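Structure first, then comments.
Protein chains: 2
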Amino acid sequence: MTHSTPTGIPEATVARLPVYLRALTTLAEQGTETCSSEALAAAAGVGSAKLRKDLSYLGSYGTRGVGYDVAYLRYQIGREIGLTQDWPVVVVGIGNLGQALANYSGFRSRGFRVVALLDDAPELHGRQVAGLEVRPFRELSSIAERVDLAIGVIAVPADAAQNVADRLVAVGVTSILNFAPAVLAVPDHVAVRKVDLAIELQILAYHQQRRATEAEGASA
Amino acid sequence: MTHSTPTGIPEATVARLPVYLRALTTLAEQGTETCSSEALAAAAGVGSAKLRKDLSYLGSYGTRGVGYDVAYLRYQIGREIGLTQDWPVVVVGIGNLGQALANYSGFRSRGFRVVALLDDAPELHGRQVAGLEVRPFRELSSIAERVDLAIGVIAVPADAAQNVADRLVAVGVTSILNFAPAVLAVPDHVAVRKVDLAIELQILAYHQQRRATEAEGASA
DNA sequence: GCCAGTTTGTTCTCTCGTTCACAAACTCAT
DNA sequence: ATGAGTTTGTGAACGAGAGAACAAACTGGC
Ligand SMILES: NC(=O)c1ccc[n+]([C@@H]2O[C@H](COP(=O)([O-])OP(=O)(O)OC[C@H]3O[C@@H](n4cnc5c(N)ncnc54)[C@H](O)[C@@H]3O)[C@@H](O)[C@H]2O)c1
Ligand SMILES: NC(=O)c1ccc[n+]([C@@H]2O[C@H](COP(=O)([O-])OP(=O)(O)OC[C@H]3O[C@@H](n4cnc5c(N)ncnc54)[C@H](O)[C@@H]3O)[C@@H](O)[C@H]2O)c1
Chain A
1 MTHSTPTGIP
11 EATVARLPVY
21 LRALTTLAEQ
31 GTETCSSEAL
41 AAAAGVGSAK
51 LRKDLSYLGS
61 YGTRGVGYDV
71 AYLRYQIGRE
81 IGLTQDWPVV
91 VVGIGNLGQA
101 LANYSGFRSR
111 GFRVVALLDD
121 APELHGRQVA
131 GLEVRPFREL
141 SSIAERVDLA
151 IGVIAVPADA
161 AQNVADRLVA
171 VGVTSILNFA
181 PAVLAVPDHV
191 AVRKVDLAIE
201 LQILAYHQQR
211 RATEAEGASA
Chain B
1001 MTHSTPTGIP
1011 EATVARLPVY
1021 LRALTTLAEQ
1031 GTETCSSEAL
1041 AAAAGVGSAK
1051 LRKDLSYLGS
1061 YGTRGVGYDV
1071 AYLRYQIGRE
1081 IGLTQDWPVV
1091 VVGIGNLGQA
1101 LANYSGFRSR
1111 GFRVVALLDD
1121 APELHGRQVA
1131 GLEVRPFREL
1141 SSIAERVDLA
1151 IGVIAVPADA
1161 AQNVADRLVA
1171 VGVTSILNFA
1181 PAVLAVPDHV
1191 AVRKVDLAIE
1201 LQILAYHQQR
1211 RATEAEGASA
């Protein structure tokens, strides 16, 4: 110990690293070999000062007077996030959303491998979705014995979400991505992130309304 | 002026109001008429102090020694967010994700009305999805003349996203929800929120990896 | 080798958000 | 009515994140 903290990247920075990664990939595809913090920041939609500070948490991977080597920086960020290994993902709830997710090509291209599609409804069992067979939810535990499930994606109705989460936690899943509009209670060692369409829309509606009443007040 | 700022709710608070709203709805469905900040905070998954401070930006809608009237508070938050009116929504890109979104019941139940489904692909035109006919993207402007489009949802591939955004802005849309993994450039008066599955997964992967290396370091 | 120009990494300051703690305000029993 | 018990609303301390600014470090020309 008493060594510089090897871990300890601020949460806000962690949330931006994937954005930088994507910007770097785009630049690499365009044949760019080197880029300045200014250029990368523009591609990622952030300020250059913020970008440099974010990258400084990972180490000193740039060269003063030159900029960053695109391929090298991309590798370093990928390594920090954990994209050198691939993460087995299980999707629970193969309805409208679950099927769209299963068909999403962005999973595999970014180091995530969908290993199982689970659902309660018997009429879905055995059906092929995106090259995988939909299996009964109760097979979760036997699947968990064979593969070391890293991430569980919940795409079931809100009232079933907590139950599914409990079962995922019980078989050792420690990262959950929840699409159901429900607050999940999980043990401390389990990470949950939620994607909530309704919330995003309501935030937009708030600003929309605020702009409207503001304009009205200005004209009145 | 020199009156208490009528607008000016912190962004972080705005993002939580929909969560409180949903918790209140759940409580109301269970027949609860009144609740304390402690109880509501638990249902919303936040601390009670944070909840009270958030609500204090809206006004004093609680009663000391008693708590909050569920129906009344729900109305007040809904009014603040703008749920008393309904917002016309257009979805662009009716592929895997777009179809799932079109079928999402949470839209209408929360004051959002999908008025048009647009796509470029001729083979989709005229097809019925969730009771609406898919129309060519070029009809956007004529639709915008008939209805006052409030929110545009982008569910097209990443390389088409900026173009779609530009067209939406051109017809007067000032709120955009973007599902494509791309950074959108829009004028200042346009609000953009993004939902990015890949980013969420990568954030989870980071924490997963950190836990793994941490445990390894502890045992070594 | 040295100087001008460029770009990073970091420090400092400021703003925003969270948490604590408590007085003010209410209810209810006596 | 009064006092004991609750619960809200908010001021103040605290922490995290954003942005400006600059010294250190590199490149390339001469
Ligand atoms: N459709 C969307 O665009 C969208 C958008 C945002 C959020 N959501 C949310 O995502 C969730 C799923 O939405 P959807 O439109 O796909 O709904 P859906 O009804 O089409 O699909 C839900 C699926 O979950 C399965 N299921 C139900 N209970 C289960 C259980 N206990 N175990 C395993 N499987 C179970 C059902 O059989 C069904 O196939 C909902 O919570 C919804 O609110 C959907
Ligand atoms: N499928 C998912 O679960 C998922 C999850 C997260 C993000 N996304 C993102 O959402 C977007 C859509 O994903 P998808 O799986 O539905 O893809 P998809 O290919 O199934 O659908 C895209 C649709 O957009 C239409 N389109 C293309 N260019 C257009 C244009 N210029 N104007 C109008 N329509 C156009 C296509 O005709 C197609 O129907 C992608 O950017 C994807 O990365 C998808």
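The listed protein sequences derive, respectively, from chains A and B.
First residue of the first sequence: 1, per my numbering; consecutive thereafter.
First residue of the second sequence: 1001, per my numbering; consecutive thereafter.
Think of the CB as a built atom: it goes at the ideal place given N, C-alpha and C, for glycine as much as any other residue.
These figures come from a predicted structure and were not determined experimentally.
B/A1215 counts as exposed, since fewer than 16 other C-beta atoms from the protein chains shown sit within 10 angstroms of its C-beta. Taking 8 Å as the cut-off, the beta carbon of A/H125 is found no closer than this to the beta carbon of B/S1175. Secondary structure note for A/L168: its alpha helix (DSSP H) is the uninterrupted segment A158 to A170. About 4 Å separates the CB atoms of A/A23 and A/A43; that is less than 8 Å, so the two are in contact. A/D148 carries a coil assignment under DSSP once its states are collapsed to helix, strand and coil. Secondary structure of A/L83 (DSSP, three-state): coil. Listed as beta-bridge partners of B/D1119 by DSSP are B/P1136. The beta carbon of B/I1094 sits no closer than 8 Å to any beta carbon of chain A. Distance from the C-beta of A/F107 to the nearest heavy atom of ligand 1 is not below 7 Å. Think of a sphere of 8 Å around the beta carbon of B/S1037: no beta carbon from chain A falls inside it, the nearest being about 16 Å out. Rounded to whole angstroms, the separation of the alpha carbons of B/A1180 and B/A1155 is 6 Å. For A/T174, the chain B residues whose Cβ falls inside 8 Å of its Cβ are Q1208 and R1211, in order along the chain.
Across the set B/D1159, B/I1199 and B/V1171, the C-alpha of B/D1159 shows the shortest separation from the C-alpha of B/L1184. Under the DSSP assignment, A/N96 falls in the alpha helix (DSSP H) whose first and last residues are N96 to A102. Proximity of the beta carbon of B/F1137 to ligand 2 is indicated: a heavy atom of the ligand is located closer than 7 Å. Taking a contact to require three or more Cβ pairs closer than 8 Å, the stretch 1140-1151 of chain B and the stretch 1109-1122 of chain B qualify as touching.
At least one CB of chain A lies nearer than 8 Å to the CB of B/Q1202. By the C-beta criterion, the stretch 1012-1023 of chain B is judged to be in contact with the stretch 184-204 of chain A, since at least 3 inter-stretch pairs fall below 8 Å. In this structure, B/I1094 and B/V1147 do not form a Cβ contact; the two beta carbons are roughly 18 Å apart against a cut-off of 8 Å. The bridge partners DSSP lists for A/R193 are A/L177. Nearest CB-CB separation between A/G126 and chain B: not below the 8 Å threshold. Assignment of B/T1213 by DSSP, reduced to helix, strand and coil, places it in the helix class.
Listed along the chain, the chain B residues whose CB falls inside 8 Å of the CB of A/R108 amount to none; the nearest CB is some 11 Å away. Per the coordinates, the alpha-carbon of A/V66 lies some 48 Å from the alpha-carbon of B/P1122.
Sixteen is the threshold: since fewer than 16 other Cβ atoms of the shown chains lie within 10 Å of the Cβ of A/G8, the residue is exposed. At a cut-off of 7 Å, the beta-carbon of B/I1151 does not count as near ligand 1: no heavy atom of the ligand is closer than that. Taking 7 Å as the cut-off, the C-beta of A/N178 does not count as close to any heavy atom of ligand 2. Residues of chain B whose Cβ lies closer than 8 Å to the Cβ of A/N103 are, in chain order, N1096.
Residues of chain B with a Cβ closer than 8 Å to the Cβ of A/F112 are, in chain order, L1201 and A1205. Set against 7 Å, the gap from the CB of B/L1118 to the closest heavy atom of ligand 2 is smaller.
Against A/R193, the close residues of chain B are E1200, I1203 and L1204, in the order they occur along the chain (beta-carbon pairs closer than 8 Å). Going by beta carbons, A/A100 and B/N1178 fall outside the 8 Å limit. CA-CA distance, A/Q128 to B/L1197, rounds to 23 Å. Under the criterion of beta carbons closer than 8 Å, B/L1083 and B/G1111 qualify as touching, at roughly 4 Å.
The distance from the Cβ of B/A1150 to that of B/V1089 is about 7 Å, consistent with a contact at the 8 Å cut-off. Sequence-ordered contacts of the stretch 37-70 of chain A with chain B read A43, A44 and G45 [C-beta pairs closer than 8 Å].
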